[in-house]
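Participant:
2 protein chains.
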Amino acid sequence: MEQQVYNGPIPLQLDPQKSSASYVIGADIGGTNLRLALADMSGRIMGTWSTSTAGVREPQSVVELIRHGVDSLLCQASLTHTALCAIAAGAPGVTNSELGIVIATSYLMGWRNVPLRDLLEADFGLPAAVDNDVNMAAIGEHRAGAAQGVSDFVFLAVGTGVGAGIMINGKLLHGTAWTAGEIGYMLVPGAPEAPVERGTPGAIESLVGGEGIKKVWQGRWSEERTPVSKEATATEIFDAALAGDALAKQVLQLSSRTLAYVIYNISLILNCPLFVLGGSVGLHPALGNAARAELEQRRARVQPELVCSGLGSDAQLIGAIHLAIDTAKAHRFVA
Amino acid sequence: MEQQVYNGPIPLQLDPQKSSASYVIGADIGGTNLRLALADMSGRIMGTWSTSTAGVREPQSVVELIRHGVDSLLCQASLTHTALCAIAAGAPGVTNSELGIVIATSYLMGWRNVPLRDLLEADFGLPAAVDNDVNMAAIGEHRAGAAQGVSDFVFLAVGTGVGAGIMINGKLLHGTAWTAGEIGYMLVPGAPEAPVERGTPGAIESLVGGEGIKKVWQGRWSEERTPVSKEATATEIFDAALAGDALAKQVLQLSSRTLAYVIYNISLILNCPLFVLGGSVGLHPALGNAARAELEQRRARVQPELVCSGLGSDAQLIGAIHLAIDTAKAHRFVA
Chain Z
1 MEQQVYNGPI PLQLDPQKSS ASYVIGADIG GTNLRLALAD MSGRIMGTWS
51 TSTAGVREPQ SVVELIRHGV DSLLCQASLT HTALCAIAAG APGVTNSELG
101 IVIATSYLMG WRNVPLRDLL EADFGLPAAV DNDVNMAAIG EHRAGAAQGV
151 SDFVFLAVGT GVGAGIMING KLLHGTAWTA GEIGYMLVPG APEAPVERGT
201 PGAIESLVGG EGIKKVWQGR WSEERTPVSK EATATEIFDA ALAGDALAKQ
251 VLQLSSRTLA YVIYNISLIL NCPLFVLGGS VGLHPALGNA ARAELEQRRA
301 RVQPELVCSG LGSDAQLIGA IHLAIDTAKA HRFVA
Chain C
1001 MEQQVYNGPI PLQLDPQKSS ASYVIGADIG GTNLRLALAD MSGRIMGTWS
1051 TSTAGVREPQ SVVELIRHGV DSLLCQASLT HTALCAIAAG APGVTNSELG
1101 IVIATSYLMG WRNVPLRDLL EADFGLPAAV DNDVNMAAIG EHRAGAAQGV
1151 SDFVFLAVGT GVGAGIMING KLLHGTAWTA GEIGYMLVPG APEAPVERGT
1201 PGAIESLVGG EGIKKVWQGR WSEERTPVSK EATATEIFDA ALAGDALAKQ
1251 VLQLSSRTLA YVIYNISLIL NCPLFVLGGS VGLHPALGNA ARAELEQRRA
1301 RVQPELVCSG LGSDAQLIGA IHLAIDTAKA HRFVA
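Protein chains in written order, with the working numbering: chain Z, 1 to 335; chain C, 1001 to 1335.
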């Protein structure tokens, strides 16, 4: 399936003036925040906007929030709606990008089979595209980040959970049920083996994800062993490890070894030369550096390069911009 | 890269009569045996031939053996060389199918960067194609076995070692260095974590591969615990497990659980709906049945179907026949 091509119905309400429209909207719908960017057809960002999504769960309410943000962005840029030619949105869950349907998100949103693309097209009268947020970040890194010019790579998002966006021959791998890259439940040495139910953190997430790292920390924490707070976050624990705290170093080692095992296993299967590490926890340099050292010991089998995200926390948003640009171009071509 | 298309130079010595040629040769080059089949353009096998490759290591000697076998097959079928329009060979190692080069095989052959396709084309004056033996088996299962009509599946070859042939959107995944699917070193719970050097069995091979299973058996064996021979092979151990031997059941459980973990991990990454189990050890029904039961416990996350090879030990050979047919067709189209 060709991810970057607009396949949906052509909206009937297209304004003839739109042929000269030359701006797009990229949206990053998160469990706690909504971020938007207005960009031109070269991907240059003209403005960004964000708001909390706390308490907002209904898909139509999210679309209204997006509409509100788009109005604000256009106003700031002294543009009108006729300046827009496409919109793309990343959603925090399993997404059928071909039909534009968000199949399932985590408990924060609780979406099931939401036709997000149709909702956006109906609301904006513009061609729209949607994909999973991790895949969106992979598009971003591919087009404007650490994987520019690389047709085969894996984007690893390490945040509360762990997910992968897999690019093969320049195309995203979605899988037959749109769950490719949902690696949070991968089984590696040291990870819990017991089957887990939906909604609970996966095997590697309990060692590499933000919540898992906190739990490991709290399980090992005692006042005698460390002056660092028992309530430290994953990145604070990594900071403490870099500052020499022995317990924090242990926890960092466990996380980074587990991450290295994940990268190693994916490398064996896909023989993919590049891994780009992102996400709120993955962006901490300590994790990537320690995982790289672990991988170094296994170079006899695989030699993947592990680099830090080039776009940081903007990867999804920039991916959405580029998907919107592709969607606009494909639409013009079709129309 | 399009695996089934003939990309090589068009041989200069083509006989004009060849335009009416309508038979192909499939070859399966193993570490201990060479097997050949003569087939028509529908894939119907007209005859097979095999010989030992013990002591034969030189690539040119292997090509001479193939030539000898082809002569024999043609003679049996009352055909001449002009009846042939292509040949394809599976090699037991990492193979660049685009350039037709066998990059590396195990110690049995010891090949490094052997231009096998060119050697075959020069010797036979026919378009030739080569690939890794596990990929060849995947082609076989896809075209004539358990994965017919399925565009996304993984063929798992469990023999002395463990390897995978990965088909995505109807095309083999080769990886950037032609090692995709070399999963013998995958790290799963229960498998040894220590890095291993080239030439030694990988982590999961030590628990699922034929030699590994024998070692586990011998490590746990004692006369008091089982009447089964200490020198039993993997399939004999599986037979004993089915017959109720407690120690053999333990070993089968360890192997099948490890295999289930491998399938589970690949499923998470690729979201691939079908796994086809083959290879000399994998063809034993006890392994697949026990692995299927293990996977059943984890259906909340992935629901891959695990089926037994439809072609058994002929998978590679039948894959080679189909690759030869594709090569002949592509060559005619180009010529």
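The beta-carbon is built from N, C-alpha and C at its ideal position, and this holds for glycine as well.
Can you find a CB in chain Z that lies within less than 8 Å of the CB of C:Met1046?
Facilitator: Not an interface residue.
Participant: What does the Cβ neighbour count give for C:Trp1227, buried or exposed, with the cut at 16 atoms within 10 Å?
Facilitator: The sequence as given places Pro at residue 1227 of chain C; Trp does not occur at that position. Exposed: under 16 other Cβ atoms inside 10 Å.
Participant: Would you call Z:Thr258 buried or exposed, if buried means 16 or more other Cβ atoms sit within 10 Å of its Cβ?
Facilitator: Looking at its Cβ environment, which holds 16 or more other Cβ atoms inside 10 Å, Z:Thr258 is buried.
Participant: Short of 6 Å in beta carbon distance, which residues of its chain neighbour C:Gly1202, apart from the five on each side in sequence? Order them along the chain.
Facilitator: Only Gly1184, Tyr1185 meet the Cβ criterion.
Participant: So, with DSSP's three-state summary, where would you put Z:Phe67?
Facilitator: Position check: residue 67 of chain Z holds Arg in this sequence, whereas Phe was assumed. Of the three classes helix, strand and coil, the one that applies to Z:Arg67 here is helix, per DSSP.
Participant: Between which two residues does the alpha helix (DSSP H) containing Z:Ile139 stretch?
Facilitator: Note, Z:Ile139: alpha helix (DSSP H), 133–144.
Participant: Out of curiosity, what's the CA-to-CA distance linking C:Leu1036 and Z:Gly209?
Facilitator: Approximately 52 Å between the Cα atoms of the pair.
Participant: For Z:Cys272, count neighbouring Cβ atoms within 10 angstroms of its own Cβ and tell me buried if that reaches 16, exposed if not.
Facilitator: By the 10 Å Cβ count, Z:Cys272 comes out buried.
Participant: Taking C:Tyr1264 as part of the alpha helix (DSSP H), name the residues at either end of that continuous run.
Facilitator: Note, C:Tyr1264: alpha helix (DSSP H), 1246–1270.
Participant: Quick check: is the beta carbon of C:Ala1177 nearer than 8 Å to any beta carbon in chain Z?
Facilitator: Yes, C:Ala1177 counts as interfacial toward chain Z.
Participant: List the endpoints of the continuous alpha helix (DSSP H) containing Z:Ser50.
Facilitator: No alpha helix (DSSP H) contains Z:Ser50, which is instead part of the beta strand (DSSP E) from 45–52.
Participant: Select from the stretch 1184–1195 of chain C all residues with a C-beta closer than 7 Å to any C-beta belonging to chain Z, and list them in chain order.
Facilitator: If the cut-off is 7 Å between Cβ atoms, the stretch 1184–1195 of chain C has Tyr1185, Met1186, Leu1187, Val1188, Pro1189, Ala1191, Glu1193, Pro1195 near chain Z.
Participant: For Z:Gly244, is the classification buried or exposed, using 16 other Cβ atoms within 10 angstroms of its Cβ as the cut-off for buried?
Facilitator: It counts as exposed.
Participant: Consult DSSP for C:Trp1171 and reduce its assignment to one of helix, strand or coil.
Facilitator: Looking at the sequence shown, residue 1171 of chain C is not Trp but Lys. In the structure shown, C:Lys1171 sits in a strand (DSSP, three-state: E or B).
Participant: Whole angstroms are fine: how far does the CA of C:Glu1141 sit from the CA of C:Ala1315?
Facilitator: Rounded to the nearest angstrom, the two C-alpha atoms are 6 Å apart.
Participant: What's the C-alpha gap between C:Met1136 and C:Asn1169?
Facilitator: In a straight line, the C-alpha of C:Met1136 is about 16 Å away from that of C:Asn1169.
Participant: Kindly indicate which three-state DSSP category C:Ala1194 falls into: helix, strand or coil?
Facilitator: Coil at C:Ala1194, not helix or strand.
Participant: Pick from Z:Leu306, Z:Glu231, Z:Ala129: whose alpha carbon is nearest that of Z:Ala260?
Facilitator: Per the Cα distances, Z:Leu306.
Participant: Which value, in whole angstroms, describes the spacing of the CA atoms of Z:Ser256 and Z:Ile266?
Facilitator: Whole-angstrom Cα-Cα distance: 15 Å.
Participant: Just checking my contact of Z:Pro192 with Z:Ser206 at CB under 8 Å: how many whole Å lie between their CB atoms?
Facilitator: That belief holds up - the Cβ atoms of Z:Pro192 and Z:Ser206 are roughly 6 Å apart, short of 8 Å.
Participant: Is the stretch 1068–1085 of chain C touching the stretch 1021–1030 of chain C in the sense that three or more CB pairs, one from each, lie closer than 8 Å?
Facilitator: Yes, since at least three Cβ pairs between the stretch 1021–1030 of chain C and the stretch 1068–1085 of chain C fall closer than 8 Å, the two stretches touch.
Participant: Does any residue of chain Z have a CB that is nearer than 8 Å to the CB of C:Gly1090?
Facilitator: So no, C:Gly1090 is outside the interface.
Participant: Considering only their Cβ atoms, is the gap separating C:Ile1269 from Z:Ile269 smaller than 8 Å?
Facilitator: Closer than 8 Å, so yes.
Participant: Which residue marks the beginning of the alpha helix (DSSP H) containing Z:Ile237, and which one marks its end?
Facilitator: Z:Ile237 -> alpha helix (DSSP H) spans 234–242.
Participant: For a test of the three-state rule: what should DSSP assign to Z:Pro16, helix, strand or coil?
Facilitator: Confidence at Z:Pro16 is low in this model, with a pLDDT of 41, below 50, so the placement of that residue should be treated as unreliable; the coordinate-derived value is given next. Three-state result, Z:Pro16: helix.
Participant: Check the DSSP bridge columns for C:Thr1226 and list the partner residues they point to.
Facilitator: None, per the DSSP bridge assignment.
Participant: Would you call the CB atoms of C:Asp1131 and C:Leu1311 closer than 8 Å?
Facilitator: Result no, Cβ atoms of C:Asp1131 and C:Leu1311 do not sit closer than 8 Å.
Participant: Compute the Euclidean distance between the alpha carbons of C:Ala1234 and C:Ala1246, then round it to the nearest angstrom.
Facilitator: Going by the C-alpha atoms only, they are around 15 Å apart.
Participant: Quick check on this structure: which residue in Z:Val150, Z:Val158, Z:Thr179 has the alpha carbon closest to the alpha carbon of Z:Lys171?
Facilitator: Nearest C-alpha to Z:Lys171: Z:Val150.
Participant: Do we get a CB-CB distance below 8 Å when we pair Z:Asp152 with the residues of chain C?
Facilitator: Judged by the 8 Å Cβ criterion, Z:Asp152 is in contact with chain C.
Participant: Between the alpha carbons of C:Glu1181 and Z:Thr48, how many angstroms are there, rounded?
Facilitator: Note on residue identity: the sequence assigns Gly, not Glu, to residue 1181 of chain C. Using only the alpha carbons, I get a separation of about 43 Å.
Participant: Beta-carbon within less than 6 Å of C:Gly941's beta-carbon, same chain only, minus the 5 sequence neighbours each way: which residues are those?
Facilitator: The question about residue 941 of chain C has no answer, for chain C in this structure spans 1001 to 1335.
Participant: Check the Cβ-Cβ distances between C:Ile1182 and every residue of chain Z, and say whether any is below 8 Å.
Facilitator: Per the sequence shown, the amino acid found at residue 1182 of chain C is Glu instead of Ile. C:Glu1182 counts as touching chain Z.
Participant: For C:Ile1087, which option in C:Ala1021, C:Trp1111, C:Gly1055 has the closest C-alpha, if you only look at C-alpha atoms?
Facilitator: For C:Ile1087, the nearest C-alpha among the options comes from C:Ala1021.
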